[in-house]
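Asks:
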Amino acid sequence: MRVKDFMTRQVVSVTPEHSVRHAAGIMLRHGVSGLPVVDDAGVLRGILTEGDLMRRSELGNDPRVDMEADMEAVPRAEDGHRAAKAHAWCVHDAMTKEVRSVSGETTIAEAARLMDEMKVRRLPVMEQGHLAGIVSRHDVLKAFAAINPRRSRVADHSILLQVQTRLASNPVLRAARFEVKVSEGVVHLKGRVRHPDDFDLARIEAESVLGVVCVHLDLDSDHQHTD
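Note that my numbering gives residue 793 to position 79 of the sequence shown, counting from 1, and the numbers run on in steps of one.
(1) How would you call E658, buried or exposed, if buried means at least 16 neighbouring beta carbons within 10 angstroms?
(2) Roughly how many whole angstroms lie between the Cα atoms of P750 and L767?
(3) Would you mind reading off the limits of the alpha helix (DSSP H) that contains L924?
(4) Alpha carbons only, please: which of V746, F892, G760, F913 is nearest the one belonging to H732?
(5) Helix, strand or coil: which one does DSSP assign to V816?
(6) Measuring straight from C-alpha to C-alpha, what distance separates L881 and T729?
(7) Please determine, among E812, D870, G899, R888, the residue with the shortest C-alpha to C-alpha distance to A857.
(8) Can you tell me the Cβ-Cβ gap for L903 and V929, rounded? I've got them flagged as a contact below 8 Å.
(9) From the DSSP output, in three-state form, read off K811 for me.
(10) Check whether the Cβ atoms of M721 and G843 sit closer than 8 Å, and answer yes or no.
(11) Have a look at E841, M829, P885, T763 and flag the residue whose alpha-carbon is nearest the alpha-carbon of E919.
(12) So, is K895 buried or exposed, given that buried needs 16 or more other C-beta atoms within 10 angstroms?
(13) Is the CB-CB distance between R906 and D936 below 8 Å?
(14) With a Cβ-Cβ cutoff of 8 Å, do A890 and R917 count as a contact?
(15) Please look up how many angstroms separate the CB atoms of V901 and V877, rounded, as I've assumed it's under 8 Å.
(16) Taking L845 as the reference, give the member of V757, V746, T821, V734 with the closest Cα.
(17) Cα separation between T879 and A860?
(18) Taking 8 Å as the cut-off, decide whether the C-beta atoms of V752 and C804 are in contact.
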């Protein structure tokens, strides 16, 4: 299950030069909680979410007041940044600039893992350096609801064979020892690899098999990371 099959393609966006008030109005009109920010060339520059607008000075949430009230507090860079966002007029200064994106070929399982890990509700989908869509938690739910349990049980054996083949064909992983189990599209990988860096490689190989819903790892390594 790939992001491209469930993502929202008709994306409402704003530019860095838009005002935050204008962006808030767009969110309300379209019933969305976040807007990708793209420049005139269509390049993603950031994302503006409801969370970015929760501590606005207009609402009485002024970080500068808190900073001035606590005379003993040591000023921190993040405090100044938060205060600047609270008073920012344009989207560029209020948006979140560090944004993780995925491609249309990314699996729904990987997108869901990233959203959970990063505590975000959506991820921009990029193709050839330009915004192609948005995948959200709602899209993950659509993918989950689309799974036919009866069909997935029939397909489990096929998934098992394909996962085993991919693991055995990978030059880094072929010497590893895996026990693979599949239940309704959920792959359980147990075994031992040479290095902890191989954990993600094994997961990616399993996720690349059509029909895989998610991958659970129970792996050990021969070599542990050392400082």
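Note that the Cβ used here is the ideal one computed from N, Cα and C, for glycine as well. The structure presented is a predicted model; accordingly, all values stated were derived computationally and were not measured.
Replies: Walking through what the data contain:
(1) Residue 658 is absent from the structure shown; the chain starts at 715 and stops at 941.
(2) 14 Å
(3) Segment: none, L924 is in no alpha helix (DSSP H) and carries neither H nor E.
(4) When each option's Cα is compared against that of H732, the closest is G760.
(5) V816: strand per DSSP, three-state reduction.
(6) 44 Å
(7) Closest option to A857, Cα to Cα, is G899.
(8) 6 Å
(9) coil
(10) no
(11) The shortest Cα separation from E919 among E841, M829, P885, T763 belongs to P885.
(12) exposed
(13) yes
(14) Contact flag unset, no.
(15) 6 Å
(16) Checking every option, the nearest Cα to that of L845 belongs to V757.
(17) 27 Å
(18) no
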